[in-house]
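Numbering (the numbering used here), first residue to last: 31 to 165.
Each residue gets a CB set at the ideal place from its N, CA and C atoms; glycine is no exception.
Since this is a predicted model, take the numbers as computed values, not measurements.
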């Protein structure tokens with residue numbers, strides 16, 4: 031399998047909650063920060079904005095790149111994002127339309143930063159990044 035580049039958004043609200051995508055896949059339960067693959071001709075920042083709209087129905091401003099991480103051979107670009115508009119729900123992208131099933135489940139959720147230890151957030155570096163931004 032060839033490596034793929036991903037763009038990921040870190041969105042915190044004023045209640046010190048972070049937006050996570052809760053997942054169940056192949057019998058594993060875990061969470062990620064929302065994001066996905068960078069398409070041909072896209073910058074990582076453009077992909078981040080598109081992916082948040084597709085995955086969680088939110089229009090965001092993409093800010094500072096916080097981290098570039100080699101995660102299991104995939105190059106991941108993590109950005110701080112701020113909310114512009116939208117109502118958080120599973121979006122109209124592939125996660126909400128063609129990939130969602132009992133075996134491959136997606137659920138966006140606001141999770142208090144204080145409760146991050148109760149969530150299997152992947153990769154582990156994401157947990158450290160969230161805590162550092164939440165201050």
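At a Cβ-Cβ threshold of 8 Å, residue 111 and residue 143 do not count as neighbours. Collapsing the DSSP output to three states places residue 50 in a strand. Residue 148 sits in a helix when the DSSP states are folded into three classes.
In this chain, residue 131 is not harboured by any alpha helix (DSSP H), its DSSP state being neither H nor E. Counting along the chain, the unbroken beta strand (DSSP E) around residue 61 starts and ends at 58-62. Per the Cβ contact rule, the region 147-154 is not in contact with the region 80-90 (fewer than 3 Cβ pairs under 8 Å).
By the Cβ test, the region 133-147 is in contact with the region 117-124, since at least three Cβ pairs between them sit closer than 8 Å.
A buried status is given to residue 92, since no fewer than 16 other beta-carbon atoms sit within 10 Å of its beta-carbon. Rounded to the nearest whole angstrom, the CA to CA distance from residue 78 to residue 54 is 22 Å.
Pairing residue 62 with residue 135, the inter-Cα distance amounts to about 12 Å.
Counting along the chain, residue 158 sits inside the alpha helix (DSSP H) bounded by residues 154-164.
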